[in-house]
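Peer 1: Residue numbers for the sequence shown follow the working numbering, so the first one is 572 and each next one is one higher.
No residue lacks a Cβ here, since even glycine has one placed at the ideal position from N, Cα and C.
Bear in mind the structure is a predicted one, so any value in this text is a computation, not a measurement.
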Amino acid sequence: MKKRIIGLVSAAVIGVTSIATAGFYASAASVGQKLTVGNGQNRHKDVCDGYSYEIWLDNTGGSGSMTLGSGATFKAEWSASVSRGNFLARRGLDFGSTKKASDYDYIGMDYEADYKQTGSAQGNSRLCVYGWFQNQGAAGNPPLVEYYIIEDWVDWCPDAQGKMVTIDGAQYKIFQMDHTGPSINSGNETFKQYFSVRQDKRTSGHITVSEHFKAWANEGWGIGNLYEVALNAEGWQSSGYADVKKLDVYTDPSKAGGSGQTTTPSQTQPSYTQPTQPSQTQPSFTTPSGGGSSKAGTKLTVGNGTNRHKDVSDGYSYEIWLDNTGGSGSMTLGEGATFKAEWSAAVSRGNFLARRGLDFGSKKKATDYKYIGLDYEANYQQTGSAQGNSRLCVYGWFQNQGAAGNPPLVEYYIIEDWVDWCPDAQGKIVTIDGAQYKIFQMDHSGPSINSNNETFKQYFSVRQDKRTSGHITVSEHFKAWENEGWGIGNLYEVALNAEGWQSSGVADVTKLDLQVIEDGGDDITVTTPTTQTTEPQTTTTIEETTTSKTTTSEAKATKPGDVNGDGKITVSDAIILARVAAEDVTVKITDEGRLNAELDGNTGLTIDDLTELLKMIAGIK
572 MKKRIIGLVS AAVIGVTSIA TAGFYASAAS VGQKLTVGNG QNRHKDVCDG YSYEIWLDNT
632 GGSGSMTLGS GATFKAEWSA SVSRGNFLAR RGLDFGSTKK ASDYDYIGMD YEADYKQTGS
692 AQGNSRLCVY GWFQNQGAAG NPPLVEYYII EDWVDWCPDA QGKMVTIDGA QYKIFQMDHT
752 GPSINSGNET FKQYFSVRQD KRTSGHITVS EHFKAWANEG WGIGNLYEVA LNAEGWQSSG
812 YADVKKLDVY TDPSKAGGSG QTTTPSQTQP SYTQPTQPSQ TQPSFTTPSG GGSSKAGTKL
872 TVGNGTNRHK DVSDGYSYEI WLDNTGGSGS MTLGEGATFK AEWSAAVSRG NFLARRGLDF
932 GSKKKATDYK YIGLDYEANY QQTGSAQGNS RLCVYGWFQN QGAAGNPPLV EYYIIEDWVD
992 WCPDAQGKIV TIDGAQYKIF QMDHSGPSIN SNNETFKQYF SVRQDKRTSG HITVSEHFKA
1052 WENEGWGIGN LYEVALNAEG WQSSGVADVT KLDLQVIEDG GDDITVTTPT TQTTEPQTTT
1112 TIEETTTSKT TTSEAKATKP GDVNGDGKIT VSDAIILARV AAEDVTVKIT DEGRLNAELD
1172 GNTGLTIDDL TELLKMIAGI K
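#1: Please say whether Gly1132 and Leu1184 have beta carbons closer to each other than 7 Å?
#2: Looking only at its chain, what residues have a beta carbon closer than 8 Å to the beta carbon of Asn1021, apart from the 5 residues adjacent to it on each side?
#3: Just to check my reading of the structure: His615 and Gly679 have Cβ atoms closer than 8 Å, yes? What is that Cβ distance to the nearest angstrom?
#4: Apart from the five residues just before and just after Gln627, which ones in its own chain have a Cβ nearer than 6 Å to its Cβ?
#5: For the alpha helix (DSSP H) containing Ala600, name the first residue and the last one.
#6: Under the three-state reduction of DSSP, which class applies to Ser1046: helix, strand or coil?
#7: What is the DSSP secondary structure of Ile1010, reduced to helix, strand or coil?
#8: Taking only three categories from DSSP, how would you classify Ile745?
#9: Could you pull the start and end residues of the alpha helix (DSSP H) that Trp992 belongs to?
#10: In terms of residue numbering, what span does the alpha helix (DSSP H) encompassing Gly1164 cover?
#11: With Ala912 as the anchor, note down where its beta strand (DSSP E) starts and where it stops.
#12: Could you spell out where the beta strand (DSSP E) holding Ile778 opens and where it closes?
#13: Can you check which of these residues, Pro1018, Gly1172 and Ile1003, is closest to Phe1049 by C-alpha distance?
#14: Quick check on the burial criterion: 16 or more other C-beta atoms within 10 angstroms. Buried or exposed for Ile1178?
#15: Val1151 by DSSP, collapsed to three states: which one?
#16: Which value, in whole angstroms, describes the spacing of the CA atoms of Asp665 and Gly921?
#17: Spatial neighbours of Ser1016 within its chain, please: C-beta separation below 6 Å, excluding the five flanking residues on both sides.
#18: Helix or strand or just coil, what does DSSP make of Ile1178?
#19: Please look up how many angstroms separate the CB atoms of Arg655 and Thr631, rounded, as I've assumed it's under 8 Å.
#20: Look at the Cβ atom of Thr896, then the Cβ atom of Lys870, and state whether they are nearer than 7 Å.
#21: Identify whether Lys568 lies in helix, strand or coil by the three-state DSSP scheme.
#22: From Ala996 to Ile891, what distance separates their C-alpha atoms?
#23: Can you tell me whether Leu963 sits near the ligand MN, meaning its C-beta is under 6 Å from at least one heavy atom of the ligand?
#24: Give every residue of the same chain whose Cβ lies closer than 6 Å to the Cβ of Gln840, excluding the five residues on either side of it in the sequence, and list them in chain order.
#25: Tell me the start and end of each unbroken beta strand (DSSP E) in the stretch 882-910 that is at least 3 residues and wholly inside, in chain order.
#26: In the DSSP assignment, what residue or residues form a beta bridge with Thr822?
#27: Could you give the DSSP three-state label for Thr938: helix, strand or coil?
#28: In its own chain, which residues sit with a C-beta less than 6 Å from the C-beta of Trp703, not counting the 5 before and 5 after it?
#29: Where DSSP assigns a beta bridge to Asn695, which residues make up the other side?
#30: Considering only their Cβ atoms, is the gap separating Val815 from Thr607 smaller than 7 Å?
#31: Going by C-alpha to C-alpha distance, which of Lys934, Gly876, Thr872 and Glu948 sits closest to Thr909?
#32: Less than 7 Å between the C-beta atoms of His1042 and Glu1169, yes or no?
#33: Could you give the distance in angstroms between the alpha-carbon of Asp685 and the alpha-carbon of Lys772?
#34: Below 8 Å on the Cβ atoms is my guess for Ala813 versus Ala647; work out the distance and round it to an integer in Å.
#35: Can you tell which of Met748, Ala741 and Gly740 has the C-alpha that lies nearest to the C-alpha of Gln732?
#36: Per the contact definition of three or more C-beta pairs closer than 8 Å, is the stretch 682-702 in contact with the stretch 735-743?
Okay, here's the thing in structure tokens:
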């Protein structure tokens, strides 16, 4: 329950919660009943059809209603476009503050809502998971915490200094604030507020709520006893409606994405045997770049006569370059492949780039690699421009190196984000990693990796929905270009590149991992350099939308490692698992295949399962 103060640099956050006040009405309601607030009645709270409900309106004015559906579903409407008007309606599970929130092994939520703000008096609204932590005598608990996992918002959302984490395959910014206001303790007090704000807004999907609790705990934030988990529709100085057509909250992980049958905290939990943890012996991995002692923390600069640095650090190549036309720039090397680049090239024909990745040595065609994947996370911003532009992209070159049919030289781009301008030409739209990319090619004359100026081809994949974090199956772009009949040369490099043309800016790449599967007949080489990032992430179950999860706890793997169901364990199984772990919604995998792919002892298919499978293929375990 927040507001935005127009005209101030900082936003004051006003919290409104489940406080017992005059006008509070507590009585069990029935499915189909419509509860209203306004005209002196400002709250209803109880349980209906096994789920808690609450509707609340600030006494400053307005009106609202909540119609209870079966299970946890509900429909809310509000008209609070008045000064300090505030409305909320939520349903979920009350946990009774019996144990710490982070002590629950699993809490999941699946929801679907039509959510819309229809009016505003300089206000805002949001759709979120909402609840409280209480101390209840648990050692080390903070006195009181109000928490939010915000999925969708209109006009404004709380923000503060924080960090990015990955949960359910999506980016959330986590941060905390201090707040003074009404609380569940029936009075005004000062307490903490914890936030997870989804960077790609949505109004339906799966949320592993317990992973947010763990992410907060990993930051050292005090985690109290869990009071409730509810889906909350809220409006501040606004009007709108929320039709929550699906809402399931459960503590049994086997129910994720399933029938929606709920295990409430008061019920006996099903018993199941945790799979035996696999051997911790790690395979011996090599990187195409190879070598390179750690130079983490080294700051490289260009300008004033120095225009390039190129080498290897922590097994990853790096390059920083500045056109001799002027300007300056720097690249600070982080651990693994991470880096931070800053540039000031807002001059005529000023051009800067900084990139890190893997050098492949132009040994074979780019499309001969079975799988090349890249996961990244960056804070990327253009801060100035002299009629220029900037971009964040995967970048590299193809060389002919004597391979028959190869073009002499190709510079390629997979552009993820850009500011002010992006290359464009006649082409076609392809779907890769569940996203739309426009692919096209151009002829270009300029400096090349052959240390001179020449004319060469440029191949482009331009993401139609810009972003600054996520997974890229780089090898699928190579195949898409080849499918168009474009010549594919030997692969020189794969790198994440921050580039500015007649501009100034900053790129803080806090995560950069690359994975490579080479198929050389019976010999399989796997490249998975371990990258220590400056922003550790929380990894959780990835939500899959193409197939349903098995919902019976009795289901077992028929042949661990046989992902495609052909009775064998080969690199073909690894390719499918790599695509599933990378959230490729186009990949086909059966329920039996999912069970066979669960190899790391944890629920959900991730890169850890892929690592275990590759060990099996290589004969390491």
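Peer 2: Reading off the structure:
#1: In the sequence shown, residue 1184 corresponds to position 613, counting from 1. In the sequence shown, residue 1132 corresponds to position 561, counting from 1. Yes, they are a contact pair.
#2: Translated into the one-based positions of the sequence shown, residue 1021 becomes position 450. If you ignore the 5 residues before and after Asn1021, its C-beta comes within less than 8 Å of the C-beta of Leu980, all in its own chain and listed in chain order.
#3: On the sequence shown, position 44 is the one that residue 615 refers to. On the sequence shown, position 108 is the one that residue 679 refers to. The pair is not a contact, with the Cβ atoms about 27 Å apart (cut-off 8 Å).
#4: Here residue 627 is taken as the residue at index 56 of the sequence shown, counted from 1. What sits at residue 627 in the sequence shown is Trp, not Gln. If we look at Trp627 and ignore the five residues flanking it on each side, its Cβ neighbours are Arg614 and Leu659.
#5: Within the sequence shown, residue 600 is the residue found at index 29, counting from 1. In the DSSP assignment, Ala600 falls outside any alpha helix (DSSP H) and carries neither an H nor an E.
#6: Here residue 1046 refers to the residue found at position 475 of the sequence shown. The answer is helix: DSSP assigns Ser1046 an H, G or I state.
#7: The residue you call residue 1010 lines up with position 439 of the sequence shown. Secondary structure of Ile1010 (DSSP, three-state): strand.
#8: For the purposes of this step, residue 745 is taken as the residue at position 174 of the sequence shown. Note: Ile745 maps to strand in three-state DSSP.
#9: What you label residue 992 is simply residue 421 of the sequence shown in a count that begins at 1. Element bounds for Trp992: n/a, residue is neither H nor E.
#10: Here residue 1164 refers to the residue found at position 593 of the sequence shown. Here the alpha helix (DSSP H) through Gly1164 covers Asp1162 to Ala1168.
#11: Against the sequence shown, residue 912 aligns to sequence position 341. Unbroken beta strand (DSSP E) run through Ala912: Phe910 to Ser915.
#12: Taking the first residue of the sequence shown as position 1, residue 778 is located at position 207. Unbroken beta strand (DSSP E) run through Ile778: Ser775 to Thr779.
#13: In the sequence shown, counting from the first residue as 1, residue 1049 sits at position 478. Of Pro1018, Gly1172 and Ile1003, the residue nearest in Cα terms is Ile1003.
#14: Sequence index remark: in the sequence shown, residue 1178 carries index 607 (1-based). Around the CB of Ile1178, 16 or more other CB atoms lie within 10 Å, so the residue is classed as buried.
#15: One-based indexing of the sequence shown puts residue 1151 at position 580. Residue state, collapsed to three classes: helix.
#16: For the purposes of this step, residue 665 is identified with residue 94 of the sequence shown, where counting begins at 1. For the purposes of this step, residue 921 is identified with residue 350 of the sequence shown, where counting begins at 1. Between the C-alpha atoms of Asp665 and Gly921 there is a straight-line separation of about 59 Å.
#17: Residue mapping note: residue 1016 aligns to position 445 of the sequence shown, counting from 1. Thr1026.
#18: Locating residue 1178 in the sequence shown gives position 607, counting from the first residue. Helix, per DSSP.
#19: Within the sequence shown, residue 655 is the residue found at index 84, counting from 1. Within the sequence shown, residue 631 is the residue found at index 60, counting from 1. The C-beta distance from Arg655 to Thr631 rounds to 4 Å, short enough to meet the 8 Å contact threshold.
#20: Taking the sequence shown and counting its residues from 1, one reaches residue 896 at position 325. Taking the sequence shown and counting its residues from 1, one reaches residue 870 at position 299. In this structure, Thr896 keeps its C-beta atom at 7 Å or more from the C-beta atom of Lys870.
#21: Because the chain in this structure spans residues 572 to 1192, residue 568 falls outside the shown range and cannot be described.
#22: As a position in the sequence shown, residue 996 is number 425, starting the count at 1. As a position in the sequence shown, residue 891 is number 320, starting the count at 1. It is roughly 28 Å from the alpha-carbon of Ala996 to the alpha-carbon of Ile891.
#23: Of ligands this structure carries none, so the ligand MN is not represented either.
#24: Taking the first residue of the sequence shown as position 1, residue 840 is located at position 269. The predicted position of Gln840 is uncertain, since its pLDDT is 28 and thus under 50; no value can be drawn from it.
#25: Taking 3 residues as the shortest admissible run, the stretch 882-910 contains the following complete beta strand (DSSP E) segments, listed from N- to C-terminal end: 887-893 and 899-904.
#26: Mapped onto the sequence shown, residue 822 falls at position 251. DSSP lists no partner for Thr822.
#27: The residue labelled residue 938 in the question sits at position 367 within the sequence shown. Of the three classes helix, strand and coil, the one that applies to Thr938 here is helix, per DSSP.
#28: Numbered from 1 along the sequence shown, position 132 holds the residue referred to as residue 703. The beta carbon of Trp703 lies closer than 6 Å to those of Glu717, Ile755 and Tyr798 in the same chain, with the five residues before and after it left out.
#29: Taking the first residue of the sequence shown as position 1, residue 695 is located at position 124. Residue pairing by DSSP puts Asn695 in a beta bridge opposite Trp807.
#30: Indexing the sequence shown from 1 puts residue 607 at position 36. Indexing the sequence shown from 1 puts residue 815 at position 244. Contact check for Thr607 against Val815 fails: the beta carbons are separated by 7 Å or more.
#31: For the purposes of this step, residue 909 is taken as the residue at position 338 of the sequence shown. When only C-alpha atoms are compared, the closest one is Glu948.
#32: Sequence index remark: in the sequence shown, residue 1042 carries index 471 (1-based). Sequence index remark: in the sequence shown, residue 1169 carries index 598 (1-based). Not in contact: His1042 and Glu1169 (Cβ atoms no closer than 7 Å).
#33: In the sequence shown, residue 685 corresponds to position 114, counting from 1. In the sequence shown, residue 772 corresponds to position 201, counting from 1. Lys772 has its alpha-carbon roughly 13 Å from the corresponding atom of Asp685.
#34: Indexing the sequence shown from 1 puts residue 813 at position 242. Indexing the sequence shown from 1 puts residue 647 at position 76. At roughly 5 Å, the Cβ-Cβ gap stays under 8 Å, so Ala813 and Ala647 are in contact.
#35: By one-based count along the sequence shown, residue 732 stands at place 161. With distances taken between Cα atoms, Gln732 lies closest to Met748.
#36: No, they do not touch.
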